[in-house]
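Chains as they are written, first to last, in the numbering used here: chain A, 1 to 235; chain B, 1 to 65. What follows is one structure encoded as structure tokens, with my remarks underneath.
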Amino acid sequence: MTSDAEAGSAQLAGELNDLIRAVLGHEASMASVDRGGRFAIRPGGDGVAPDQIPLRVRGQHLADLSVALFQDVDQSGRRLVTTRTEFKVFSTRDRTPLLRLDYRSDMTSDPVCHWQFHAERGAFTQLLSIAGAVRPRRVPSPHDLSMVHLPVGGERFRPCLEDVLEMLVRDCGVDAMAGWEDVLASGRERWRLRQLRSVVRDLQGEAAEVLVEEGWVTSPPGPPLESRAESYRRW
Amino acid sequence: MAVQRITETWDSLQEKRSKVLSELGMSREELRARVRIGSLSGAEWVALDKLKEIAFLLDDAVDDI
Numbered sequence: 001m002t003s004d005a006e007a008g009s010a011q012l013a014g015e016l017n018d019l020i021r022a023v024l025g026h027e028a029s030m031a032s033v034d035r036g037g038r039f040a041i042r043p044g045g046d047g048v049a050p051d052q053i054p055l056r057v058r059g060q061h062l063a064d065l066s067v068a069l070f071q072d073v074d075q076s077g078r079r080l081v082t083t084r085t086e087f088k089v090f091s092t093r094d095r096t097p098l099l100r101l102d103y104r105s106d107m108t109s110d111p112v113c114h115w116q117f118h119a120e121r122g123a124f125t126q127l128l129s130i131a132g133a134v135r136p137r138r139v140p141s142p143h144d145l146s147m148v149h150l151p152v153g154g155e156r157f158r159p160c161l162e163d164v165l166e167m168l169v170r171d172c173g174v175d176a177m178a179g180w181e182d183v184l185a186s187g188r189e190r191w192r193l194r195q196l197r198s199v200v201r202d203l204q205g206e207a208a209e210v211l212v213e214e215g216w217v218t219s220p221p222g223p224p225l226e227s228r229a230e231s232y233r234r235w
Numbered sequence: 001m002a003v004q005r006i007t008e009t010w011d012s013l014q015e016k017r018s019k020v021l022s023e024l025g026m027s028r029e030e031l032r033a034r035v036r037i038g039s040l041s042g043a044e045w046v047a048l049d050k051l052k053e054i055a056f057l058l059d060d061a062v063d064d065i
């Protein structure tokens with residue numbers, strides 16, 4: 001499995017290279033870092049300094065995109081899965097994040113996948129300040145809106161990097177290469193079909209039911225499968 | 001551009017962790033305390049990203065960093 005995992009991780013890193021080059025025109029030089037079958041994919045070279053991807057507006061470097069994916073072999077030992085992703089946009093002014101999209105399959109209290117915005121809004125801070133006084137354990141940092149986690153779709157229905165890139169180009173006006181829309185649409189389709197396949201593997205009974213309703217003839221491969229619906233209950 | 005494949009070892013990652021913390025001038029406990037409070041500096045964010053990667057590769061069960 002190790003060599004298959006190495007190849008799988010390198011393939012995903014290559015896909016990210018192609019995506020970032022085609023959309024932002026930047027050679028991200030993604031690296032796949034391996035330690036005993038656990039992998040980190042990120043830009044940068046020598047294994048010491050995770051690099052960032054410059055975001056420009058009419059050539060002016062105003063922000064940086066940080067991309068990190070962490071992979072491990074699943075419980076069956078057969079499949080390399082991405083168990084965490086972190087996409088962050090950093091300001092070039094103070095090197096701190098403007099926004100971030102985090103995913104962790106083993107998240108405990110926070111949403112499995114969530115946005116955090118590093119922003120200010122007086123009315124929101126007022127709400128949190130009052131709530132923090134009433135429920136200090138739930139709202140420990142009312143002054144910091146980035147401590148609010150905005151849930152987005154859980155493990156299977158979370159946004160992909162293509163969605164983040166489209167937001168940066170379309171809503172933030174970041175420079176993009178000609179043809180970026182088609183590249184992102186194709187990448188998004190590839191991502192969502194992969195997720196769909198994972199959902200079908202998780203929920204084979206439900207998938208079979210839908211196919212039967214559509215006129216397919218299906219038969220189970222053996223005894224009823226153990227339900228994998230638990231992750232669909234988590235926020 | 002070709003994908004770079006980098007292989008790390010337990011020792012090499014421990015060394016990198018020490019270097020990151022040394023450059024930051026903090027212990028892991030001090031950085032954890034800073035993360036709990038929030039409002040990290042740019043240098044702390046850079047260090048945090050590196051330490052998260054190291055912790056994941058080491059399969060540290062304790063926490064992110």
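Backbone N, C-alpha and C define an ideal beta-carbon position, used for all residues, glycine too.
Asked: Check each candidate in A:V112, A:R79 and A:R56 and name the one with the smallest Cα separation from A:M177.; Found: A:R56
Asked: According to DSSP, is A:T82 helix, strand or coil?; Found: strand
Asked: Could you check which residue in A:A208, A:E209, A:Q204 and A:P221 has the C-alpha nearest to that of A:R228?; Found: A:Q204
Asked: If we define contact as Cβ-Cβ less than 8 Å, is A:V33 a contact residue for chain B?; Found: yes
Asked: Name the residues in the segment 91-110 of chain A whose C-beta lies less than 8 Å from a C-beta of chain B; which are they?; Found: D94, R95, T96 and P97
Asked: Name, please, each residue of chain A whose Cβ falls closer than 8 Å to the Cβ of B:G38.; Found: S141, D144, S146 and M147
Asked: Just tell me which of B:L40, B:L58 and B:I54 has its CA closest to the CA of A:T96.; Found: B:L40
Asked: Measuring CA to CA, which of A:V112, A:S9 and A:D34 is closest to A:S231?; Found: A:V112
Asked: List, in chain order, every chain B residue whose beta-carbon is nearer than 8 Å to that of A:A185.; Found: Near A:A185 there are no residues of chain B at all, since even the closest Cβ is about 24 Å away, more than 8 Å.
Asked: Please return the same chain residues whose Cβ sits closer than 6 Å to the Cβ of A:V199, not counting the five positions on each side in sequence.; Found: R156
Asked: So which residues on chain B does A:R42 lean against when the C-beta distance must stay under 8 Å?; Found: E53
Asked: B:F56: beta carbon under 7 Å from a heavy atom of the ligand ATP?; Found: You won't find the ligand ATP in this model; it holds no ligand whatsoever.
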